[in-house]
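Read the structure below first, then the notes.
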Amino acid sequence: MIKKTKAFLAEITEVGFLLIALGVVAGILTGDSVPFIGDVVGNITGLVNQLGSNGLVGLMSVGVLAWIFTKK
Numbered sequence: 015m016i017k018k019t020k021a022f023l024a025e026i027t028e029v030g031f032l033l034i035a036l037g038v039v040a041g042i043l044t045g046d047s048v049p050f051i052g053d054v055v056g057n058i059t060g061l062v063n064q065l066g067s068n069g070l071v072g073l074m075s076v077g078v079l080a081w082i083f084t085k086k
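Residue numbers (this note's numbering): 15 to 86.
Right, here's the structure in full:
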């Protein structure tokens with residue numbers, strides 16, 4: 015049961031990353047916010063700036079997220 019749940023969450027996460035990549039590419043190609051997707055590049059830039067301004071806490075958050083996403 016737990017293995018199925020983990021596999022399901024891994025697939026959902028992968029689909030989410032693919033949608034983010036699609037939004038970034040569409041944002042680069044169009045230059046503006048894409049209808050139904052929004053300003054993905056601006057949101058990612060804002061998130062990175064917010065994590066960067068928090069110093070050590072932001073660095074630890076990025077480390078935890080990287081560890082979670084690389085662990086399979």
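C-beta atoms are modelled at their ideal positions from N, C-alpha and C, and glycine is treated no differently.
Contact between Gly72 and Leu65 is confirmed by a C-beta separation of about 4 Å, below the 8 Å threshold. By the Cβ-count criterion, Gly41 is buried, with 16 or more other Cβ atoms from all chains shown falling within 10 Å of its own Cβ. Contact annotation: Ile34 and Val54 have beta-carbon atoms nearer than 8 Å. Inter-residue distance for Ser67 and Trp81 is about 21 Å (C-alpha atoms, whole angstroms).
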